[in-house]
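Each remark here refers to the structure printed beneath this line.
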Amino acid sequence: MQNQSKDSTIITIKNLTKSFKSKIPVEGIRGKIKSFILPKYKKVNAVDNISFSIKKGELVGFIGPNGAGKSTTLKMLSGILFPDFGELTVCGLSPQKNRKKLAYKIGTIFGQKPQLWFHLPAIDTFELFSKIYELDKTEYQKRVDYLIKKFEISEIIHQPVRKLSLGQRMRCEFVLALLHKPEVLFLDEPTIGLDITIKKTIRELIKKINREEGVTVILTSHDMDDVETICNRVIVINHGEIIYDDTLDKIKEKYIDKKIIRIETNNPIIFKEREGITIIKKSTFEVEAIVDTTKVDFNKITEEFLKKNSLSDVTIEEPPIEDIIEKIYKLKKKGNSF
Amino acid sequence: MELLKYYYISKINFKNSFVYVADSFAASLFIAFITFIFVNIWSVVFNASGSEIINGFTLPMMIWYLVMTESIITSQGKITIQIGQEIIRGDIANYLNKPYNYLVYKYASTIGASVTSFFITMFCAGAVALIMIGPLNFDFTIIPFIIITAFLGITLHFTMMSTLGVLALWLEDSRALDFLYQKILFVAGGMLVPLDVFPLWFSSICVLLPFSYAAYYPAVLFVRFSFELFIQTILIQLFWIIVTSLIALVLFNILSKRVSINGG
């Protein structure tokens, strides 16, 4: 068993590559017979030579469009899939060589593949998992009581899972994944299908568990609000390649070139359109404009405005993170470097 | 501790199987119908032969033999297809990241779930046999021995099915293999009729294969018990269980490197 490095790196990936083979479909009966005898395959690079490391306690958003290689990477990290090439360690262990040993150190939630027994109460699955993870009886009782309280599920744990709402089920799934105090939590689309209130609760709970237990979280989600609320670092992957790896703030700083500003004043407003500023709406005491931050200094504009006007209210809107990510994909497609 | 977790896996599956009691009863009604058909077929055959014994079997023995083979074989569902589907759909991901062996997990689950359906089938098909043919001349002291050999038969049936199921990692589907296996069991496994009714050359080949030790021998012991045959049967059952489970485990270790789960 390797030791974790001193800088508290918990996950290391070096030149990780994974490809899938898929049969090329052939039309016609003759073609189908030929394909059965001599099938032709095409190779799809799901993950293409990626490298990164994650420190203990980090909250990392692993994002990308469908088929980008997110889930494949997560499955290699949890030992389910074998890479074609490259090295990876999680908690100082090779997931492929020490899959069983690693299982005690990681927790997984695949949003589309529930682990709870559908017809039995959630508490039965909790008890089963306590045996699977070889938890001491007292230790388990203490832990399950704590998590039941934290995820507020005491009212529902004795009801068959099939009778629970999706949100209640997901909270139970989280308790299940955290029961054995994992060091790393892999979350693959954990909020899929949930309503906005439950999503918010789940996000808060993930952050809380990270804060209180120091658990490292790797999250994949198509919901950018998940990433924005939970993660302090984001890795963008597309066509199996990493195209961005930094903090969310830096993404915004680098790629946000337009801001929408809405101002209300106590005096008749003094604000003129010029290069870099496009007025969308204007009345006597109110103006709404798009500011192109590549052409004008946003802070300077605000200062100038305040000198001439008595401010009543102001809101500044940034484009949604989805638009920024989409922009990154497009830029990469055009071959721009990062 | 390691073995204990598999016991709890069996236990939760046993508990879960009660959810499907109505379903098991419905499935067993079909087995009861099959028993009804065979009672009629064998009655005609025995009447036509003018003998009370055919190849060492009386009419009640022939019918109760069928009750036992059906109970063993149908108790655990189609594991080959189940494993194949878990591999194809990617559900296997939820098993591979747990601290247990996937195939032993499947075995523990199957044993837990099959207890209920074994007894339900026994009850439904047995009721038809009892009403139409009457009881078997049965010594109740042999029940523990029958339980042992039936349990080993169920285990062997599982290890054979799981070996074929694992091949889905290579073939990407397991339905064709399951179809083939079920048909072999029908004939070479003595599932519908005892091997004794076949020509000697064919039954001699069948007893060399593992299929007959899943259902034929436990059912023969059920209707015609002898301690020597019991010892011989369980030893050969254990031999085939070890061989087939080793093949399944080795194949799984090799082929699990080929698991390809695309997408979430």
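One line per chain: the protein sequences are E and X, in this order. Per the numbering used here, the very first residue in the first sequence carries number 36; after that it's consecutive. Per the numbering used here, the very first residue in the second sequence carries number 1466; after that it's consecutive. Ideal placement from N, C-alpha and C gives every residue a C-beta, glycine not left out.
Rounded straight-line distance, which links the Cα of residue j to that of residue i
i, j, result
"G146(E)", "M111(E)", "17 Å"
"L1643(X)", "T1628(X)", "Residue 1643(X) is actually Asp in this sequence, not Leu. Roughly 11 Å separates the two Cα atoms."
"V1569(X)", "F1690(X)", "31 Å"
"E288(E)", "D260(E)", "18 Å"
"G1618(X)", "I46(E)", "46 Å"
"V1715(X)", "G1521(X)", "41 Å"
"F1695(X)", "W152(E)", "39 Å"
"I291(E)", "T328(E)", "8 Å"
"Y1471(X)", "S200(E)", "30 Å"
"R238(E)", "I359(E)", "21 Å"
"I305(E)", "S54(E)", "60 Å"
"I1519(X)", "V1685(X)", "14 Å"
"V196(E)", "E162(E)", "14 Å"
"S40(E)", "E276(E)", "Caution applies to S40(E), whose pLDDT of 46 falls short of 50 and renders its modelled position unreliable; the value that the coordinates give is listed next. Distance between the alpha carbons of S40(E) and E276(E): 26 Å."
"G1549(X)", "D1488(X)", "23 Å"
"P1564(X)", "F1603(X)", "45 Å"
"V1486(X)", "S1493(X)", "10 Å"
"V1580(X)", "N133(E)", "34 Å"
"Y1530(X)", "V1688(X)", "6 Å"
"I351(E)", "I315(E)", "14 Å"
"L213(E)", "G102(E)", "28 Å"
"Q1697(X)", "C1589(X)", "30 Å"
"T107(E)", "V82(E)", "7 Å"
"L1783(X)", "I1474(X)", "Given that chain X is displayed from residue 1466 to residue 1729, the structure contains no residue 1783(X) and the question cannot be resolved."
"T91(E)", "V61(E)", "The residue asked about is misnamed: residue 91(E) is Lys in this sequence, not Thr. One C-alpha to the other measures close to 49 Å."
"S70(E)", "S1639(X)", "19 Å"
"Y1730(X)", "T160(E)", "Only positions 1466 to 1729 of chain X appear in the structure, and residue 1730(X) is not among them; the question remains open."
"T226(E)", "I265(E)", "12 Å"
Residue i - DSSP class collapsed to helix/strand/coil
i, result
"S57(E)", "strand"
"T1523(X)", "coil"
"K77(E)", "strand"
"A88(E)", "First, the amino acid is wrong: residue 88(E) is Ser here, not Ala. Reduced to three states, the DSSP call for S88(E) is strand."
"E276(E)", "strand"
"F97(E)", "strand"
"T282(E)", "coil"
"P1675(X)", "helix"
"D1488(X)", "helix"
"V195(E)", "Position check: residue 195(E) holds Pro in this sequence, whereas Val was assumed. Here P195(E) sits in strand by DSSP."
"I48(E)", "strand"
"D83(E)", "strand"
"L1657(X)", "coil"
"L1601(X)", "coil"
"N1559(X)", "helix"
"E1637(X)", "coil"
"E1467(X)", "helix"
"D180(E)", "helix"
"D171(E)", "coil"
"L1730(X)", "The requested residue 1730(X) is not part of the displayed model; chain X covers only 1466 to 1729."
"F1651(X)", "helix"
"L1452(X)", "In the structure displayed, chain X extends from 1466 to 1729; residue 1452(X) sits before or after that span and is not available."
"E190(E)", "coil"
"I1611(X)", "helix"
"E1517(X)", "coil"
"G63(E)", "coil"
Under 7 Å from the C-beta of residue i: neighbouring residues of chain E
i, result
"L1469(X)", "K166"
"Y1473(X)", "L163 and K166"
Residues that residue i contacts on chain X, provided the C-beta gap is smaller than 9 Å
i, result
"Y139(E)", "P1564"
"E169(E)", "M1466, E1467, L1469, K1470 and P1564"
"F145(E)", "G1555, A1558, N1559 and G1729"
"D159(E)", "I1477, K1480 and N1481"
"L155(E)", "I1477, K1480, N1481 and V1484"
Chain E residues whose Cβ lies nearer than 9 Å to that of residue i
i, result
"V1724(X)", "K110, I115, L116 and F117"
"K1571(X)", "None at all; the shortest Cβ gap to chain E is about 14 Å."
Under 8 Å from the C-beta of residue i: neighbouring residues of chain X
i, result
"R134(E)", "L1561 and N1562"
Interface partners of residue i on chain X, CB under 7 Å
i, result
"Q150(E)", "N1559"
Check: residue i C-beta below 6 Å from any heavy atom of the ligand NAP
i, result
"S1536(X)", "Of ligands this structure carries none, so the ligand NAP is not represented either."
In chain order, which alpha helix (DSSP H) runs of at least 4 residues are fully inside the segment 208-271 of chain E?
The qualifying runs are 231-248 and 259-265.
Ignoring anything shorter than 4 residues, give me the alpha helix (DSSP H) runs that lie fully in the segment 101-164 of chain E, in order along the chain.
The segment 101-164 of chain E contains these whole alpha helix (DSSP H) runs: 105-112 and 134-138.
Any beta strand (DSSP E) of 3 or more consecutive residues that is wholly inside the segment 285-362 of chain E:
Taking only runs of at least 3 residues, the beta strand (DSSP E) segments lying wholly in the segment 285-362 of chain E are 293-300, 312-317, 321-327 and 346-352.
Along the segment 1535-1564 of chain X, where does the CB come closer than 8 Å to a CB of chain E? Name the residues.
Listed by position along the chain: G1555, D1556, I1557, A1558, N1559, L1561, N1562, K1563 and P1564.
Taking Cβ-Cβ distances below 8 Å as the criterion, which residues of the segment 1681-1710 of chain X are in contact with chain E?
Along the segment 1681-1710 of chain X, none of the residues has a CB nearer than 8 Å to a CB of chain E.
Write down every uninterrupted run of the beta strand (DSSP E) in the segment 1672-1719 of chain X whose length is 3 residues or greater and which is fully enclosed by it, in chain order.
The qualifying runs do not exist here; there are none.
Members of the segment 1477-1506 of chain X near chain E, C-beta cut-off 7 Å
Answer set for the segment 1477-1506 of chain X: I1477, K1480, N1481 and V1484.
I'd like the ranges of any alpha helix (DSSP H) spanning at least 4 consecutive residues and lying wholly in the segment 1538-1585 of chain X.
For the segment 1538-1585 of chain X, whole alpha helix (DSSP H) runs of length 4 or above, ordered along the chain, are 1544-1554 and 1558-1561.
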